[in-house]
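K.L.:
Take a look at the following structure, please.
2 protein chains.
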Amino acid sequence: MSRNLIGPELQRVIDLIGKLPGLGPRSARRVALYLLKRRDALLIPLAEALSDAAGKITRCSVCGTYDTVDPCTVCSTPGRDQSVICVVQDVPDLWALERAGSYRGQYHILGGVLSALDGVGPEKLNLDSLVQRSAQPEVKEIILALSATVDGQTTAHYISDRLEHLDVRISRLAQGLPVGGELDHLDDGTLTAAMMSRRGLD
Amino acid sequence: MSRNLIGPELQRVIDLIGKLPGLGPRSARRVALYLLKRRDALLIPLAEALSDAAGKITRCSVCGTYDTVDPCTVCSTPGRDQSVICVVQDVPDLWALERAGSYRGQYHILGGVLSALDGVGPEKLNLDSLVQRSAQPEVKEIILALSATVDGQTTAHYISDRLEHLDVRISRLAQGLPVGGELDHLDDGTLTAAMMSRRGLD
Ligand SMILES: [Zn+2]
Ligand SMILES: [Zn+2]
């Protein structure tokens, strides 16, 4: 009865919002209603912004982040250090490191970490392109800026093995990463400390 | 730096999502990224569904709920009892009562409750139209199905005063409403019990 009552257009909005992370069916109904009540101020602008983003934002073919230009703003900034690539799990980690402002090299977005539990194997990660990039003569160091979780550190060791044959220094963030902590949750000072005191992988 | 890095299109999506209830800046970034990663499966469908909803869904000029037709599906269903109007705080309360399935009369959406703290006075509620509807000769009973909160009960008494001069019975949901409980959180059985044992306002 509720489904008929709500109508297919609103039901579709509720169903799609309910697929977003952290939003269950009840909060999806609340969000949908909140949008309907703010049709001109929020509903229409959000519809347009999402459509605009879908049309313009693409993945950077070099590092894998999202931007409206390819290569992305970071990859195409002339002053940045070309000799070092910082490998992160996902885009918010790049954003967090850029907010911290202590790093001025290149990035590489893995798109995840290896996880037996979640069924994430090496083939699901952006790894082949990392090996290719790491083999370029100007690249001297790869920083594995992965979370201090079991999966993050497993992934760091796996990447280290994959790059072993190359003439690059492999380091990881060290001091400051709380055990079990996720990179994206850390404050700028902690991230900067971890970046400064990075050390070679054992 | 982070704002320049993200780009205006994505920043706009993040800002708008951050205005939704229950979503802070951090979860807005997570949701935006989740959408970008599911461009065809979620981002584009959601943009279209929101645009579609904005174009088609309107408020019912009779009861105030949302629907694609005006009068809404509930108001225009022929079999429903025309002699009773159930007054609810907001649209999800109508949905909850329809899910419970124990009520087959008319509805009236107030759009809020009186609240000194939140600065909600009578002029912000859908009250004038309630008084007009209640004055129609076929209307015999007004059920005040408001939450058992201080604001809800204050509003019930205010409405009761406004309708005092009319020849209608005014009742409210009674048994089953836990003190401080919000209508939208109750299970169907509790709602049905409360509806069945409604009683005249003191
Ligand atoms: Zn890039
Ligand atoms: Zn209606």
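Keeping their order, the protein sequence lines are chains A and B. As numbered in the numbering used here, residues 22 to 223 make up the first sequence, in order. As numbered in the numbering used here, residues 22 to 223 make up the second sequence, in order. Even glycine gets a Cβ: it sits at the ideal position worked out from N, Cα and C. These figures come from a predicted structure and were not determined experimentally.
1) Could you name the residues that DSSP lists as bridge partners for Ile35/B?
2) Measure from the C-beta of Ser23/B to each C-beta in chain A and report whether the shortest distance is under 8 angstroms.
3) Along the segment 82-116 of chain B, where does the CB come closer than 9 angstroms to a CB of chain A? Name the residues.
4) Count the other CB atoms within 10 Å of the CB of His206/A; is the residue buried (16 or more) or exposed (fewer)?
5) Confirm the yes/no value for this check: CB of Val112/A, any heavy atom of ligand 1, distance under 7 angstroms.
6) Which residue comes first and which comes last in the alpha helix (DSSP H) that contains Leu67/B?
7) Secondary structure at Arg101/B, three-state DSSP: helix, strand or coil?
8) Taking DSSP as the reference, what is the three-state secondary structure of Arg24/B?
9) Tell me where the alpha helix (DSSP H) around His224/A begins and ends.
10) Taking 8 angstroms as the limit between beta carbons, can you name the residues of its chain near Glu159/A, skipping five residues before and five after?
11) List, in chain order, every chain B residue whose beta-carbon is nearer than 8 angstroms to that of Tyr55/A.
12) Quick one: give me the first and last residue of the beta strand (DSSP E) that Tyr128/B is part of.
13) List the whole-angstrom C-beta distance separating Leu41/B from Ile78/A, where the pair is believed to meet the contact cut-off of C-beta under 8 angstroms.
14) Determine whether the beta carbon atoms of Val109/B and Leu131/B lie at a separation below 8 angstroms.
15) With hydrogens ignored, establish whether the beta-carbon of Val83/B is closer than 7 angstroms to any heavy atom of ligand 2.
16) Under the criterion of a Cβ to heavy atom distance below 7 angstroms, does Val160/B qualify as lining ligand 2?
17) Hey, Ala68/B and Ala75/A are a contact pair by Cβ (cut 8 angstroms); roughly how many whole angstroms apart?
18) Helix, strand or coil: which one does DSSP assign to Val112/B?
19) What residues in the segment 60-83 of chain B bring their beta carbon closer than 7 angstroms to a beta carbon of chain A?
20) Answer yes or no: do Ala166/A and Asp111/A have a C-beta to C-beta separation smaller than 8 angstroms?
21) Keeping to the same chain, check which residues put their C-beta closer than 6 angstroms to that of Ser82/A; ignore five residues upstream and five downstream.
22) Sorry if obvious, but does the Cβ on Pro46/B come closer than 7 angstroms to a heavy atom of ligand 1?
23) I'd like to know whether the C-beta of Leu37/B is nearer than 8 angstroms to at least one C-beta of chain A.
24) Going by DSSP in three states, Arg154/A sits in which element: helix, strand or coil?
25) When you compare each of Ser97/B, Thr94/B, Lys58/B to Asp88/A by their alpha carbons, which one comes out closest?
26) From the DSSP output, in three-state form, read off Gly87/A for me.
27) Between the beta-carbon of Ile163/A and the beta-carbon of Ile106/A, is there less than 8 angstroms?
28) Rounded C-beta distance between Arg120/A and Asp209/A? I'm assuming under 8 angstroms.
29) Identify the residues that DSSP records as bridge partners of Ala121/A: which are they?
30) Rounding to the nearest angstrom, what Cα-Cα distance links Gln153/B and His186/B in this structure?
31) Note down, in chain order, every chain A residue with its Cβ under 7 angstroms from the Cβ of Val34/B.
32) Just to confirm, are Val34/A and Leu71/B a CB contact at a threshold of 8 angstroms?
33) In angstroms with no decimal places, state the Cα-to-Cα distance between Pro66/A and Pro29/B.
34) Go ahead and pull the three-state DSSP assignment for Lys161/A.
35) So with Cβ pairs under 8 angstroms, would you call Val141/B a contact of chain A?
36) May I have the straight-line CA-CA distance separating Val193/B from Gly43/B, to the nearest angstrom?
P.N.:
Answer, in terms of the structure:
1) Answer is none; Ile35/B lacks a bridge partner.
2) Per-residue confidence for Ser23/B stands at a pLDDT of 46, beneath the threshold of 50, marking its modelled position as unreliable; no derived number is given.
3) Within the segment 82-116 of chain B, the residues whose Cβ lies closer than 9 angstroms to any Cβ of chain A are, in chain order, Thr86, Tyr87, Asp88, Thr89, Val90, Cys93, Thr94, Val95, Asp111, Val112, Pro113, Leu115, Trp116.
4) Only exposed fits His206/A, as fewer than 16 other CB atoms lie within 10 angstroms of its CB.
5) Every heavy atom of ligand 1 is 7 angstroms or more from the Cβ of Val112/A, so no.
6) Secondary structure note for Leu67/B: its alpha helix (DSSP H) is the uninterrupted segment 65-77.
7) Correct three-state label for Arg101/B: coil.
8) Caution is warranted here: a pLDDT of 46 is assigned to Arg24/B, below 50, making its placement in the model unreliable, and the coordinate value is therefore given only provisionally. Correct three-state label for Arg24/B: helix.
9) The question about residue 224/A has no answer here: the residues shown for chain A are numbered 22 through 223.
10) Here the set comprises Gln103, Ser104.
11) Neighbourhood of Tyr55/A in chain B, by CB distance below 8 angstroms: Leu41, Pro42, in chain order.
12) Note, Tyr128/B: beta strand (DSSP E), 127-130.
13) Actually they do not touch by this definition, with Cβ atoms about 20 angstroms apart.
14) Yes, the pair counts as a contact, with Cβ atoms nearer than the cut-off.
15) Taken from the Cβ of Val83/B, at least one heavy atom of ligand 2 lies inside 7 angstroms.
16) No, the beta carbon of Val160/B sits no closer than 7 angstroms to any heavy atom of ligand 2.
17) Contact between Ala68/B and Ala75/A holds, since their C-beta atoms are separated by about 6 angstroms, short of 8 angstroms.
18) In the structure shown, Val112/B sits in a helix (DSSP, three-state: H, G or I).
19) For chain A, the residues of the segment 60-83 of chain B that bring a beta carbon within less than 7 angstroms of one of its beta carbons are Arg60, Leu63, Leu64, Ile65, Pro66, Leu67, Ala68, Ala70, Leu71, Ser72, Asp73, Ala74, Ala75, Lys77, Ile78, in chain order.
20) With respect to the 8 angstroms criterion, Ala166/A and Asp111/A are not classified as neighbours on the basis of their beta carbons.
21) Here Ser82/A has Asp91 as same chain residues with Cβ atoms under 6 angstroms from its own Cβ, once five neighbours each way along the sequence are excluded.
22) No; taking the cut-off as 7 angstroms, the Cβ of Pro46/B has no heavy atom of ligand 1 nearer than that.
23) Closer than 8 angstroms to some Cβ of chain A, the Cβ of Leu37/B qualifies, so yes.
24) In the structure shown, Arg154/A sits in a helix (DSSP, three-state: H, G or I).
25) That would be Lys58/B, whose Cα lies nearest to the Cα of Asp88/A.
26) Just to set this straight, residue 87/A is Tyr in the shown sequence, not Gly. Reduced to three states, the DSSP call for Tyr87/A is strand.
27) Their beta carbons are under 8 angstroms apart, which means Ile163/A touches Ile106/A by this criterion.
28) Between Asp209/A and Arg120/A the Cβ distance is about 6 angstroms, and since that is below 8 angstroms, they are a contact.
29) Looking at the DSSP assignment, Ala121/A forms no beta bridge with any residue, so it has no partner.
30) Near 12 angstroms, if we compare the C-alpha coordinates of His186/B and Gln153/B.
31) Those are Ala70, Leu71, Ala74, listed as they occur along chain A.
32) It is a contact, given that the beta carbons lie within the stated cut-off.
33) About 14 angstroms.
34) In the structure shown, Lys161/A sits in coil (DSSP, three-state: anything other than H, G, I, E or B).
35) Closer than 8 angstroms: no.
36) The sequence given here has Arg at residue 193/B, not Val. In this structure, the alpha-carbon of Arg193/B lies about 31 angstroms from that of Gly43/B.
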